[in-house]
Structure formats: structure tokens, C-alpha cells
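Novice: Let me give you the structure first, and then I'll get to my questions.
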Amino acid sequence: MRVVYSPAHLAHDTVTETVMGAVIPANEVPERAERIRTTLEADGGFTVVDPTEHGRDPILAVHDPGLVRFVEEAWNEARAQSIGRPNLIADTYPTFRMFEGMSPEFLARRPETRHAAGRAGWWGLDTANPLLAGTAAAARAAVDVALTTVDLVLDGERAAYGLCRPPGHHAARSMAGGYCFFNNAAIAAEAIVRATGARVAILDVDYHHGNGSQQIFWRRGDVLYVSLHADPIRQYPFFLGWPDETGEGDGSGANLNIPLPAGTDDETYLAALDRGLSVIAETPGDVIVVSLGFDTYGHDPIGDFALTTAVYHECGRRAAALGRRLVILQEGGYHRPSLGANARAWLRGAEGRSYDPLPAAGFGEFGSNR
Ligand code: SP5
Ligand code: ZN
């Protein structure tokens, strides 16, 4: 299988994030993608290829030009405003309660503040989304990785994997958040719809609900969004991801949320996956965009599921068993020592290769995050 990878992600060199106001070591770090790349290279069955540049238009097909401008300008603007922090993080956000009673027309005319941290709030969801000098280039490269993966599949590959970093599925049309800046999977899905005219399904198996992907296609019947995730009653992004979110307008019935409890194990997860896959199978279309996260793993530091490496092989196998082509894009997953083995297992399953687990000796031999 082809693996699309760009070293541009290395410049999005996050060191810290905050959790409930406290500074902690960043979870979404460059080591994640490097672990996956080196493990896939060592497997011998994967070929790493460079992305090709696709420009801004496919991003603007999905995102507000203001968000794109913000991501591109924010770092230099913060520096120009003498904000000397190691990364740009907002603390003030435009919650909808601030605007209660004001019409959408009035709100559309609210000017954008010039303050860099104010802009980070205006275009952002949460404080755990550090923006650094290399973020804009990395986010652009992640989109190119996703779109090159689309190209491979539309050119005839049964499945291809885009090692996107930063991830994308929390980014909405006009909002970054959750370690995400541009929604790689949504941009990929939109590009497929435009290229083929056919319907596309997004299967989101990251531990978190992909609020951004859901929002972007909320009123669209041509992109089916199916997500398995931690129940928002206990987990980020808290305000979306409930089972009664089924889409509106043309998108009515084209959104399926399957929230899952803490401790979800392989068996429970596979049953939920089968439910999601059966809904995809009932919908026309030939391509599935997979938002692939490994924060469902039993040892993930921010998740609370109990999945094993072996079940990722079975998940990949079942996703491929629908007989549709797969554009597989990396989202989250933060237990760094296991990321390579988990990606390898999923992708081998998707390609119809045996699990053939790696020897346990490889596990945790580097600077472990437990
Ligand atoms: C792409 C992706 O997986 N984004 C996830 C963003 C999650 N941000 C909030 C993290 C909350 C961490 N809570 C830590 C609890 C530790 N027990
Ligand atoms: Zn996640």
C-alpha cells in the first residue's frame, strides 16, 4: 500500500498544551507520525510517497476564507503584536450565549478583532490547539497528503493511506480546534464528490467525535458521515456527538453518531463498527474516507476505551470487506509506543494481508509515554 507522507509536519513542533488551564506535555507531537512512518517502512509492504501540491482551492471548497487567512497569518501577526509566547493559544471564545437574541444577519456583520489571541478565539474551539511558526505549512501539507491519497485511489488503487499531521476532523467550516486546523478528511471527501459526482461516506473511527466533519456535511446528502466515538456526556468535544444528530435539510439521515461507553472493548467496538458499516453499505457510493484514530487503544493517555492492536487488523479487514475503495487518513492516537504497530495492523487488515504481529520487544523501547 502507498503511504503519503510529508516531513513538513515536523515544523508543527508542539511541546505543550493545556488541560483545564494547566500546562502539560503536548499529546499531539511530531513523534506520532514518525513512529507510524518508520514502522510501516520496516514492514516492507508499504511504499512511502511524497504528496503533490494541490493549492488553496480544495481547502476553500470546505473552509471559510477567514479561517484559512487566520491559520496562514496568525503566527507572524502574533509576533508583530509582540506576543512572545512559544505558541499562540486563545483564552477568549465567542460562545453562542454571548450573541443570544441577535440575528444571523447582525452576527455576520460583527467585525473581526485584530488581536492575534482574539482571532485565535474567533476562529477556534478550545485552548488545547497550539499554533506555532510551522503550523500553517504543516496544515497545508496535511491537506496535500490527504488529496494525494485521494488521487492514488481515484487513479485505481484499492486503498491508500495518508499520514496526515496535524489531524483534521475537529476543524469545522469556520473553526480550528482539537489539534486540527484544516479538515483533511472533509477536504478529501469534497474533492472526491467533485471529481466523481458520486456519493462518498466518511467512516470516523477516531476516539473523539468528528464535530468538524459532521458540521461541514450537516446539510449535505452526498456525503454520509458515520462516527464511532466516546459519548459526549463524558468526553471532548462535549457539545456534539449525540445520537439524535442525524443531519438536516438535504443531509437529513446522512449523519450517524454511535457514542460508546468508557471501557469499550474489542467485542463491543466490532459490533458498533458493523452497525456503522451496514449503514454505509446501504448508501450508494464507491469510496470511503476513513478518519483513522488510535486514541481508542487501551493504553491511550487521553482515551478510555480498551481496544487491542489485534482488533485494528480486524477493523481494517471489515472496512475493506464492503468492497469499496478506501482513502485512509490519520487523525488522533497518542500512545506513541503503540502507534506504529496499530497503524500497521489496521492497514494490513485493509489490504487483506495477515496480522502477523510485531514482536512485543519493539514495544516501549523508545522514550515511552507510558
Ligand atoms: C484529533 C484528536 O484526537 N483530537 C483530540 C483533541 C482532544 N482535546 C482535549 C483533550 C482532553 C484531554 N483530557 C485529558 C484527560 C487525561 N486523563
Ligand atoms: Zn481523537
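Here my numbering is used: the first residue of the sequence shown is 264, the next is one more, and so on.
We treat Cβ as the ideally placed atom computed from N, Cα and C, and that holds for glycine.
Keep in mind that this is a model prediction, so the values were computed, not measured.
1. Below 7 Å, is the gap between the Cβ of G431 and the nearest heavy atom of the ligand ZN?
2. Within 10 angstroms of its Cβ, does N339 collect 16 or more other Cβ (buried), or is it exposed?
3. Is V552 closer than 8 Å to V468 when the C-beta atoms are compared?
4. Please report the straight-line C-alpha distance between V406 and V334, rounded to a whole angstrom.
5. Are the beta-carbon atoms belonging to Y560 and G566 less than 8 Å from one another?
6. Out of V312, A573, R372 and R482, point me to the one whose CA is closest to L410's CA.
7. With C-beta atoms as the reference, is N392 less than 8 Å away from G440?
8. What's the gap between the Cα of A623 and the Cα of D563?
9. Taking 8 Å as the limit between beta carbons, can you name the residues of its chain near S515, skipping five residues before and five after?
10. What does a CB cutoff of less than 6 Å around R462 pick up in its chain, not counting 5 residues either side in sequence?
11. Are at least three pairs of beta-carbons, each pair with one atom in the stretch 309 to 327 and one in the stretch 363 to 382, less than 8 Å apart?
12. For A535 versus L523, is the C-beta spacing smaller than 8 Å?
13. Taking S601 as part of the alpha helix (DSSP H), name the residues at either end of that continuous run.
14. Enumerate, from N- to C-terminal direction, the unbroken alpha helix (DSSP H) stretches of 4 or more residues contained entirely within the stretch 273 to 354.
15. For F369, is the classification buried or exposed, using 16 other Cβ atoms within 10 angstroms of its Cβ as the cut-off for buried?
16. Taking a contact to mean a Cβ-Cβ separation below 8 Å, would you say F568 touches L602 in this structure?
17. Please classify Y532: does DSSP put it in a helix, a strand, or coil?
18. Under 8 Å Cβ to Cβ from G627, same chain only, skipping five residues before and after it: list those, please.
19. What does a CB cutoff of less than 6 Å around Y356 pick up in its chain, not counting 5 residues either side in sequence?
20. Classify M361: buried if its beta carbon has 16 or more other beta carbons within 10 angstroms, exposed otherwise.
21. Give the straight-line distance between the Cα atoms of A435 and N446, rounded to the nearest whole angstrom.
22. Report all residues from its chain with a CB closer than 8 Å to the CB of I287; omit the five preceding and five following residues, and keep chain order.
23. On the DSSP letters alone, give me the boundaries of the alpha helix (DSSP H) that N446 sits inside.
24. To the nearest whole angstrom, what separates the beta carbons of R580 and G612, a pair I think is in contact under 8 Å?
25. With V420 and R607 assumed to form a contact (beta carbons below 8 Å), what rounded beta-carbon distance in angstroms separates them?
26. Is there at least one non-hydrogen atom of the ligand ZN closer than 7 Å to the beta-carbon of H326?
27. What does the Cβ neighbour count give for G615, buried or exposed, with the cut at 16 atoms within 10 Å?
28. Go through the stretch 549 to 594 residue by residue and report every complete run of the beta strand (DSSP E) that reaches 3 residues or more, in order.
29. How about A423 and T412: do their beta carbons lie closer than 8 Å?
30. What is the rounded straight-line gap between the Cα of E304 and the Cα of G595?
31. In whole angstroms, give me the CA-to-CA distance for D507 and I521.
Specialist: Taking the structure as given:
1. no
2. It counts as exposed.
3. no
4. 13 Å
5. With respect to the 8 Å criterion, Y560 and G566 are classified as neighbours on the basis of their beta carbons.
6. V312
7. yes
8. In a straight line, the C-alpha of A623 is about 17 Å away from that of D563.
9. Counting only Cβ-Cβ distances below 8 Å, and skipping sequence neighbours, we find G484 and T509.
10. D485, P547 and G548
11. no
12. yes
13. R599 to A613
14. Entirely contained in the stretch 273 to 354, the alpha helix (DSSP H) runs reaching 4 residues are, in chain order, 293 to 306, 320 to 323 and 328 to 343.
15. exposed
16. no
17. Secondary structure at Y532: helix, using DSSP grouped into helix, strand and coil.
18. Interpretation of G627 is limited by its pLDDT of 49, a score under 50 that renders its predicted location unreliable; the figure taken from the coordinates is listed afterwards. Excluding sequence neighbours, G627 sits near P600.
19. G384
20. exposed
21. 7 Å
22. T279, E280 and T281
23. For N446, no alpha helix (DSSP H) encloses it, and the DSSP letter there is neither H nor E.
24. Indeed they touch by this definition, with Cβ atoms about 4 Å apart.
25. Reading the sequence as shown, one finds Glu at residue 420 and not Val. That belief does not hold up - the Cβ atoms of E420 and R607 are roughly 18 Å apart, past 8 Å.
26. no
27. An exposed status is given to G615, since fewer than 16 other beta-carbon atoms sit within 10 Å of its beta-carbon.
28. 550 to 555 and 588 to 593
29. Their beta carbons are under 8 Å apart, which means A423 touches T412 by this criterion.
30. 20 Å
31. 10 Å
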